[in-house]
Amino acid sequence: MKYWRKPLDADTIKVPHGKIYVVREQCKGCSFCVEYCPKDVLELSQEFNKKGYHPPIAVREEDCVSCGLCELICPDFAIYAELIEEGETTEETPKKTDKTEKAEV
Amino acid sequence: MTKPAAHLETAIVEQDTHPMADLLRMDRMPHIWCSGCGLGTGLTCFIMALKETGIPEDKVAVVSGIGCTGRVAGYLNLDSFHTTHGRGIPFATGLALANPDLRVVVYSGDGDLVAIGGNHFIHSARRNMDLLVICVNNFTYGMTGGQAGPTTPISAKASTAPYGSYDYPFNIPYLAIASGATYVARWTSLHMRRLKNSMREALPKKGFRVIEIICPCPTAFARKNRLGSGLDLMKHYHDNSIIKHGADPREADIDMNGKVVCGTFLDIERPTFRDFQTENIATQLGGE
Ligand code: SF4
Ligand code: SF4
Ligand code: SF4
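Top to bottom, those sequences are chains A and B. First residue of the first sequence: -19, per my numbering; consecutive thereafter. First residue of the second sequence: 94, per my numbering; consecutive thereafter.
Rendered as structure tokens:
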């Protein structure tokens, strides 16, 4: 007996995609987000923030499904994901341009 | 410098872009809580739950007592008050009685709520006061250096119990239900979504509601008991918590090696203090 079937709308459903933002100076390097991200998107970086912690970076950001779990589990309000609307690119989110700088790793 | 590969760029942003920045006093961040402390996760769930209920911000007040959890009132950008030790509930009772439209939340720790403020807790439950009490239980007095508290499990070490505690601890859901609470739930800080849903469910209700959050304290409790980091404790909760809605609270004791029973233990309605007060005054004054 088969317990699964292909969903009827499988060809119209699109997997959501997210972009990750890190408030680097607020992170305390607990790695909750790294451990519990269901898509293994995150890793702690080698860099230190001012307090001496290693904030996370999105090493597989293309796999992020914008589930919001990292935002919910982070005890330090230091990470969040934003859903990328279809047609948008990940390059630059306009409303963030003044606040956003790229981290080089 | 060469440009890094596109997939290795992560956007670094300022704190005020965070989606919860409107409900937090961002000028006080980063908060004082230790790395791996679960208090921040519980607060995140509370903010999300509050947003989901749609209750206007000026119709919510949050009151805390003293302790690591007591800082919550100071970090929330709401009407909030940081009271003296154990006195969150009496302060909140005044708020709730004077302003029946206000959703009043007492957000504090186990030591503050069931030891120093223990009498307020049981009597407020007995009266069925319109309060939501969020009690973060990390089994110790974290802020003052890890003394044994009212919830420290038997045999757990503490700075005042170097050979292990031998006082029976309070089982908070059992205490709350026996005292008269109408909504009682327990989650660990790993059950973020369930905790958030519980808070969302309890926020608009009437009567005395209690949500206990089992929370890692890596600095005091875990260090004294060699339990590892905050992450190790989250993994421990993953392996050792069982969800059992409607469980008998007498079976929800927590000991050092046993299971942590989570879920909604009770969700009933009974007349609140305010219901009786309104009815009584109407009867006494002959309906005028
Ligand atoms: S939003 Fe979800 S998938 Fe994306 S990084 Fe966060 S936890 Fe991982
Ligand atoms: S959960 Fe938050 S504080 Fe912990 S490592 Fe991730 S971003 Fe940093
Ligand atoms: S002492 Fe314990 S409860 Fe207090 S902030 Fe540190 S880890 Fe959290």
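Ideal Cβ placement from N, Cα and C applies to all residues, glycine included.
Residues that residue i contacts on chain B, provided the C-beta gap is smaller than 9 Å
i: A:E15; result: L324, M327 and K328
Distance between residue j and residue i (C-alpha atoms, nearest Å)
i: A:K76; j: B:M141; result: Residue placement at A:K76 cannot be trusted, given a pLDDT of 42 that sits under 50; the coordinates are not used to answer.
i: B:A218; j: B:P193; result: 17 Å
i: B:M94; j: B:A104; result: The predicted position of B:M94 is uncertain, since its pLDDT is 40 and thus under 50; a value taken from the coordinates is nonetheless stated next. So the two alpha carbons sit approximately 18 Å from each other.
i: B:G131; j: B:I265; result: 18 Å
i: B:G379; j: B:G273; result: 30 Å
i: B:A191; j: B:S157; result: 18 Å
i: A:A61; j: A:Y1; result: 6 Å
i: B:G163; j: A:K19; result: 35 Å
i: A:C47; j: A:I(-7); result: 16 Å
i: B:H111; j: B:H329; result: 29 Å
i: B:F369; j: B:N290; result: 30 Å
i: B:S173; j: B:L116; result: 11 Å
i: A:D56; j: B:A251; result: 26 Å
i: B:G238; j: B:A313; result: 6 Å
i: B:T137; j: B:T376; result: 45 Å
i: B:P309; j: A:P(-4); result: 32 Å
i: B:I335; j: B:N373; result: 43 Å
i: B:V198; j: B:L171; result: 11 Å
i: B:D120; j: B:V155; result: 19 Å
i: A:T70; j: A:E41; result: Residue placement at A:T70 is poorly supported in this model, since its pLDDT is 49, which falls under 50; the coordinates still yield a value, given next. Roughly 10 Å separates the two Cα atoms.
i: A:P35; j: A:Y16; result: 15 Å
i: B:A271; j: B:M113; result: 36 Å
i: B:D346; j: B:Y276; result: 18 Å
i: A:Y33; j: A:G9; result: 5 Å
i: A:C50; j: A:C13; result: 5 Å
i: A:L22; j: A:R4; result: 14 Å
i: B:G167; j: B:H178; result: 15 Å
i: A:D78; j: B:V106; result: Legend: pLDDT at A:D78 = 40, less than 50; position of this residue unreliable, value from coordinates given subsequently. The straight-line gap from Cα to Cα measures roughly 9 Å.
Three-state secondary structure (DSSP) of residue i
i: A:E62; result: strand
i: B:F358; result: strand
i: B:H100; result: Low confidence applies to B:H100: its pLDDT is 44, below 50, so where it sits in the model is not reliable enough to give any reading.
i: B:E305; result: strand
i: A:T(-2); result: The residue asked about is misnamed: residue -2 of chain A is Gly in this sequence, not Thr. It is a strand residue.
i: B:R293; result: helix
i: B:I182; result: helix
i: B:R343; result: helix
i: A:T73; result: In this prediction, A:T73 scores a pLDDT of 45, lower than 50, which makes its location untrustworthy; the coordinate-derived value is nonetheless stated afterwards. In this structure, A:T73 counts as coil in the three-state DSSP scheme.
i: B:A249; result: coil
i: A:V45; result: coil
i: B:Y261; result: coil
i: B:I374; result: helix
i: B:A271; result: helix
i: B:I209; result: helix
i: A:T(-8); result: coil
i: B:T233; result: strand
i: B:I125; result: coil
i: B:I148; result: coil
i: A:E51; result: helix
i: A:V14; result: helix
Partners in chain B for residue i, counting only beta-carbon separations shorter than 8 Å
i: A:I64; result: The premise fails here: A:I64 is roughly 12 Å from chain B at the closest Cβ pair, so nothing lies under 8 Å.
i: A:K86; result: Residue 86 of chain A is absent from the structure shown; chain A starts at -19 and stops at 85.
i: A:F12; result: G129, T134, G323, L324 and M327
Cross-strand partners of residue i (DSSP beta bridge)
i: B:L169; result: B:L117
i: B:H284; result: BP columns for B:H284 are empty, so no partner.
i: B:I227; result: B:Y200 and B:I304
i: A:E23; result: A:I37
i: B:Y276; result: B:R302 and B:D360
i: B:H216; result: According to DSSP, B:H216 bridges with nothing at all.
i: A:Q6; result: Paired residues: none, contrary to the question.
i: B:H175; result: B:S157
i: B:S322; result: DSSP lists no partner for B:S322.
Listed by chain order, chain A residues near residue i by CB distance under 8 Å
i: B:C138; result: L52
i: B:M141; result: L52
i: B:M236; result: Ordered by position in chain A, no residue passes the 8 Å Cβ test against B:M236, which lies about 16 Å from the chain.
i: B:M285; result: L49, L52 and I53
Chain-ordered chain B contacts of residue i [CB-CB under 7 Å]
i: A:P55; result: W126, C130, G131, L132, G133 and T134
i: A:G9; result: S128
i: A:A38; result: T103
Chain-ordered chain A contacts of residue i [CB-CB under 7 Å]
i: B:M122; result: Q6 and F57
i: B:E305; result: Neighbours of B:E305 on chain A: none; closest Cβ ~18 Å, over 7 Å.
i: B:M113; result: F57
Contact set between residue i and chain A, taken where Cβ atoms lie within less than 9 Å
i: B:L117; result: F57
Test: residue i CB closer than 8 Å to a CB of chain C
i: B:M292; result: In the displayed structure, chain C is absent; the protein chains listed are A and B.
TODO: Would you be able to state if there are at least three C-beta pairs under 8 Å between the region 355 to 362 of chain B and the region 206 to 217 of chain B?
DONE: no
- [ ] Give a yes or no on contact between the region 121 to 139 of chain B and the region 312 to 327 of chain B, applying the rule of three or more CB pairs nearer than 8 Å.
- [x] yes
- [ ] Check whether the region 255 to 265 of chain B touches the region 281 to 290 of chain B, taking contact to mean three or more Cβ pairs, one atom from each stretch, closer than 8 Å.
- [x] no
TODO: Inspect the CB distances between the region 144 to 157 of chain B and the region 235 to 245 of chain B and report whether three or more fall short of 8 Å.
DONE: no
Task: At least 3 beta-carbon pairs within less than 8 Å: the region 220 to 238 of chain B vs the region 200 to 212 of chain B - done: yes
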